[in-house]
Amino acid sequence: MTAVTYTRYELLRTFRNRRFFVFSLVFPLALFYVIAGSNRHAHLGGVPFPTYYMGGMAAWGTMIGVTAGGARIALERQVGWNRQLRLTPLTPVTYLGAKVASGYALAAVSLVLIYVAGLTLGVHATAGIWLSMTALIIVALVPFAVLGVYIGHRVTVDSMGPALGGITSLLALAGGAWGPLAQHGFMHTLTQLVPSYWLVQAGQAYGDGPHWPLGAWAVIAAWTAVLGVLAMRAWKRDTGRL
Amino acid sequence: MSWPIGGFGDYRSAPTRGTLGAMTTATTRTSAPGIVLEGLTKSFGDVQAVRGIDLGIDPGETVAILGPNGAGKSTTIDLLLGLLLPDSGSVSILGDTPEVAVRAGRVSAMLQTGGLIGQITVGELIDMVASLYDTPMDVGEALEITGLGELADRRTEGLSGGQTQRVRFALAIVADPSFVFLDEPTVALDVEARREFWRTIRRFTERGTTVVFATHYLEEADANADRIVLMADGAIVADGSVTDIKAHVDVRTIRFTLPGVGTTELADLPGVLDIDRHGDAVLLRCDDADLALRALIAVHPDARDFEVRGADLEEAFLQLTTGVSEVVK
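Residue numbers (our numbering), protein chains in the order written: chain A, 885 to 1126; chain B, 643 to 971.
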């Protein structure tokens, strides 16, 4: 069971790294309480503001967590660890799989905390809606997991913080995680092509639950495919595999 | 066992290196060797890092790949491990490609550069790597051999340079491999840490595992290897035991006392390469010490306190490595 033990240690290491923890857990939680807390009785297009904002903060927090999983590859590249691993039977699938798994584990902690925070500010939904939200968030995070692997192979440790923070902030902003964007017209159409938009939509607990049309699946699949090709190229160039 | 000495590659075409030709003896083998390199070449752009290496390494040997920086030692080790693909030639490890041997845990290595990942203890890290192999060494045993028992619960971030190298060595041996490669394992260590590191390696080689290490420290090769493969400019210039290599370097020195004789007069004696004189004490470096000594006694019967010495390893190293660079360039 090589993959199990290896992945277990990867998870352990991830949760021992407090810097990533603070980044992916504390900021979204703090922003949620500051913004949604002060507007807890406000409504946005008929939706209670905390309910809307919980989706945004869930998107932001999980996005950072999942992307950070792969980005940690940069740390291991710096100390030559992945070269050492090439001298073991570890397969690339297990290696990358463990990174993605630890990213999802960070995201899961972030998600649970935001859900609990949402409950404290009066967000309510049926169990079915909570479940479908969670399932869709897991799907919508796939391109971000791949993005993390790409970043991990392209940036140095020194520029990893800015790269990770910058890219996730930009995507959070463009997807409407920090606040509502245009609801109509050209800008709205453009926004719908950003994967983080659908990540935010996946976390919407009002009405019948998250609204995910076929187009959402297409956008997520397309981003995953494009980033997948980029990540694969970066990985090949980085490890010298041909 | 030791291998018959042989000069290979560029060395053979070097006309000025005649004496080492005698080192090439019949290479009849009784058993199939563990590692066989044949006609290995590797270039990076215009730089020919490895120019035609033939080498066989048997199970149980401790082999030093010795050479100055830039001799091609690391490239050779990377080729052996399959981290690089050769431009031509082949590598076989127990009959398999390096990739297969690595996956089976039959060969492992401690690379020249590399640190440890953080957020994990020494014991956990060794267990993590051990879990990747089908038949690893017991983690406790790896800790014991490397003397890391007391550090098992220590986080990797807090280790000294010497401790880090011992952990890296533990990670290489926990595969329970047949061959371990160490690329300049002590290069960043102080004298005491270096000594401790070699004690660790000797504890390990006592189990009969083959260790191949690259170094540019003569004393390290001299003290720790059964066999030295001397590299210069991407080729093997000599291959044999330390004694063999010293013996086959044709430079010897004659030391004696002789008052009142001119330096040029002595330098003109047959077989003398150069001369070093301090007062009445004279040191002659000779490529034919017998001839020089006979001529010296014939011409200067009052010379006394003779002392004739063979080359030390350093002399051999210098002669063999610089000789080749001259021929190549």
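Heads up, the beta-carbon is just placed ideally off N, CA and C, and yes, glycines get one too.
All values reported here derive from a predicted model rather than from experimental measurement.
Please decide whether residue i counts as near chain B, where near means a Cβ-Cβ distance under 9 Å.
| i | result |
| --- | --- |
| W965 (chain A) | yes |
| P973 (chain A) | yes |
| T889 (chain A) | yes |
| N923 (chain A) | no |
| R1121 (chain A) | no |
| L896 (chain A) | yes |
| Q968 (chain A) | yes |
| L959 (chain A) | yes |
| Y988 (chain A) | no |
| Y917 (chain A) | no |
| R900 (chain A) | yes |
Is residue i near residue j, with beta carbons less than 9 Å apart?
| i | j | result |
| --- | --- | --- |
| D696 (chain B) | I870 (chain B) | no |
| A1169 (chain A) | V1078 (chain A) | Look at the range of chain A in this structure, 885 to 1126, and you will see that residue 1169 (chain A) is not part of it. |
| T842 (chain B) | R810 (chain B) | no |
| T788 (chain B) | V822 (chain B) | no |
| S730 (chain B) | L682 (chain B) | yes |
| I896 (chain B) | A940 (chain B) | no |
| G676 (chain B) | I699 (chain B) | yes |
| A1086 (chain A) | A1011 (chain A) | no |
| T1075 (chain A) | G1060 (chain A) | yes |
| G945 (chain A) | W1062 (chain A) | no |
| P710 (chain B) | A874 (chain B) | yes |
| A926 (chain A) | F933 (chain A) | yes |
| L896 (chain A) | E766 (chain B) | yes |
| A887 (chain A) | G981 (chain A) | yes |
| L955 (chain B) | D864 (chain B) | yes |
| G964 (chain A) | T963 (chain B) | no |
| T898 (chain A) | T978 (chain A) | no |
| E834 (chain B) | G804 (chain B) | yes |
| R900 (chain A) | I762 (chain B) | yes |
| T798 (chain B) | V764 (chain B) | yes |
| A914 (chain A) | V1041 (chain A) | no |
| A955 (chain A) | G1050 (chain A) | no |
For residue i and residue j, I'd like the C-alpha separation in whole angstroms.
| i | j | result |
| --- | --- | --- |
| V1039 (chain A) | E960 (chain A) | 12 Å |
| T906 (chain B) | D918 (chain B) | 11 Å |
| T899 (chain B) | L758 (chain B) | 58 Å |
| D892 (chain B) | L872 (chain B) | 16 Å |
| V950 (chain A) | S986 (chain A) | 8 Å |
| M947 (chain A) | L813 (chain B) | 34 Å |
| P827 (chain B) | L971 (chain A) | 16 Å |
| A953 (chain B) | L679 (chain B) | 30 Å |
| A1118 (chain A) | Y1034 (chain A) | 6 Å |
| K983 (chain A) | V1084 (chain A) | 23 Å |
| F904 (chain A) | Q690 (chain B) | 44 Å |
| A1106 (chain A) | G953 (chain A) | 21 Å |
| I815 (chain B) | S773 (chain B) | 13 Å |
| F907 (chain A) | L1048 (chain A) | 10 Å |
| G714 (chain B) | L995 (chain A) | 52 Å |
| F1028 (chain A) | A1102 (chain A) | 15 Å |
| L1003 (chain A) | T935 (chain A) | 9 Å |
| V950 (chain B) | G882 (chain B) | 24 Å |
| A1109 (chain A) | G921 (chain A) | 38 Å |
| Y1081 (chain A) | Y893 (chain A) | 33 Å |
| G918 (chain A) | V1007 (chain A) | Going by the sequence as given, residue 918 (chain A) is Val instead of Gly. Distance between the alpha carbons of V918 (chain A) and V1007 (chain A) is about 16 Å. |
| T806 (chain B) | E957 (chain B) | 34 Å |
| I1021 (chain A) | T1052 (chain A) | 16 Å |
| S734 (chain B) | M752 (chain B) | 19 Å |
| F911 (chain A) | E838 (chain B) | 48 Å |
From the beta carbon of residue i, is the nearest beta carbon of chain A less than 9 Å away?
| i | result |
| --- | --- |
| D776 (chain B) | yes |
| I762 (chain B) | yes |
| G730 (chain B) | The amino acid occupying residue 730 (chain B) in the given sequence is Ser; Gly does not appear at that position. By this cut-off, S730 (chain B) is not an interface position. |
| M770 (chain B) | yes |
| A746 (chain B) | yes |
| I759 (chain B) | yes |
| L785 (chain B) | no |
| S820 (chain B) | no |
| L679 (chain B) | no |
For the segment 992 to 1045 of chain A, list the alpha helix (DSSP H) runs that are entirely contained and at least 4 residues long, ordered along the chain.
1011 to 1024, 1026 to 1038
In chain order, which continuous runs of the beta strand (DSSP E) of length 3 or greater are located wholly inside the segment 728 to 755 of chain B?
730 to 735, 749 to 752
Looking at C-beta atoms only, is the number of pairs between the segment 733 to 748 of chain B and the segment 964 to 980 of chain A that lie closer than 8 Å three or more?
yes
Continuous beta strand (DSSP E) assignments of at least 3 residues falling wholly in the segment 916 to 965 of chain B:
923 to 928, 946 to 952
Decide yes or no for the touch test of the segment 978 to 996 of chain A against the segment 1063 to 1073 of chain A: beta carbon pairs closer than 8 Å, at least 3 of them.
no
Examine the Cβ distances between the segment 784 to 798 of chain B and the segment 853 to 868 of chain B and report whether three or more of them are shorter than 8 Å.
no
Within the segment 1059 to 1122 of chain A, ranges of the alpha helix (DSSP H) (whole runs, at least 4 residues)
1069 to 1075, 1079 to 1086
What ranges does the alpha helix (DSSP H) occupy inside the segment 669 to 726 of chain B, keeping only unbroken runs of at least 4 residues that lie completely in it?
715 to 723
Secondary structure, alpha helix (DSSP H): runs of 4+ residues fully inside the segment 792 to 861 of chain B:
803 to 815, 833 to 847
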